[in-house]
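Undergrad:
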């Protein structure tokens, strides 16, 4: 029969194997290990919404961002300060290395007559001294630099008052007003007084980090 294509059993088997190989490749390409992208776990919120107090700007809205408590504020302050110091010292090591190499570089005429082993040893000792001196000065400067960078942001940061129990999550909180109606508030917090009652003093909901800084300064002055 002309015009018709006949495949031998060997050709048919070869095509089946090629199709199976392609399917296996597709299965490997679209497997879970190849397509699922892992992400780091979500970090807890450093700050969350709390009701604005009378000292806050009403034009900014009914809620302000505040640290959960004074411990969270102190922890964030220490972590930020430590990170800035580490980054500053890492940059200082590069600068100190270049400075030490330039200061301890032998005079140009020594290269004409050749460097001796003693010359290399003296240069190494000189660079070690210069590096140690430079890093010691840079460490103090980095500590001061970190304090200056952290001062204004953490001084002005808000902290939730002690009478405000903050429960930050994804659910809204329903609060009953006057026993007549319920309104859903767009924030995840619960207000409680220290004695555990459902009512609270909404006049003071947060305070500034400057209060904690003032307390720390007073304690330092008292110890000295």
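In UniProt numbering, the protein residues as written are 1 to 224. Heads up, the beta-carbon is just placed ideally off N, CA and C, and yes, glycines get one too.
Just to confirm before moving on: does the CB-CB distance between residue 154 and residue 80 stay below 9 angstroms?
TA: The answer is yes: Cβ separation under 9 angstroms.
Undergrad: Based on the DSSP secondary-structure assignment, which residues constitute the bridge partners of residue 48?
TA: 66
Undergrad: Starting from residue 207, follow its DSSP beta bridges and name the residues at the other end.
TA: 159
Undergrad: I'd like to check one pair, residue 211 with residue 159: are the Cβ atoms closer than 9 angstroms?
TA: yes
Undergrad: So, using beta-carbon positions, are residue 99 and residue 130 closer together than 9 angstroms?
TA: yes
Undergrad: How should residue 205 be labelled, buried or exposed, when 16 other C-beta atoms within 10 angstroms of its C-beta is the threshold for buried?
TA: buried
Undergrad: Within the region 86-144, note down every full beta strand (DSSP E) run reaching 3 residues or more, in order along the chain.
TA: none
Undergrad: Along the chain, where does the alpha helix (DSSP H) that runs through residue 42 open and close?
TA: Run containing residue 42: none; DSSP gives neither H nor E here.
Undergrad: Excluding the 5 residues flanking residue 67 on each side, which residues of the same chain have their C-beta closer than 6 angstroms to its C-beta?
TA: 47, 73 and 159
Undergrad: Could you tell me the alpha carbon to alpha carbon distance between residue 52 and residue 139, rounded to whole angstroms?
TA: 40 angstroms
Undergrad: For residue 61, I'd like the list of residues in its chain whose CB is within less than 6 angstroms of its CB, leaving aside the five on either flank, ordered along the chain.
TA: none
Undergrad: Whole angstroms are fine: how far does the CA of residue 147 sit from the CA of residue 220?
TA: 16 angstroms
Undergrad: Using CA atoms only, rank isn't needed, just tell me which of 111, 55 and 133 is closest to residue 207.
TA: 55
Undergrad: Mapping the DSSP letters down to three states, classify residue 32 as helix, strand or coil.
TA: helix
Undergrad: With 16 as the cutoff for other CB atoms within 10 Å, does residue 50 come out buried or exposed?
TA: buried
Undergrad: Based on Cα-Cα distance, which residue from 86, 152, 125 and 70 lies nearest to residue 215?
TA: 70
Undergrad: Please classify residue 161: is it buried, with 16 or more other beta-carbons within 10 angstroms of its beta-carbon, or exposed?
TA: Buried, because 16 or more other Cβ atoms sit within 10 Å of the Cβ of residue 161.
Undergrad: Put residue 58 into one of helix, strand or coil per three-state DSSP.
TA: helix
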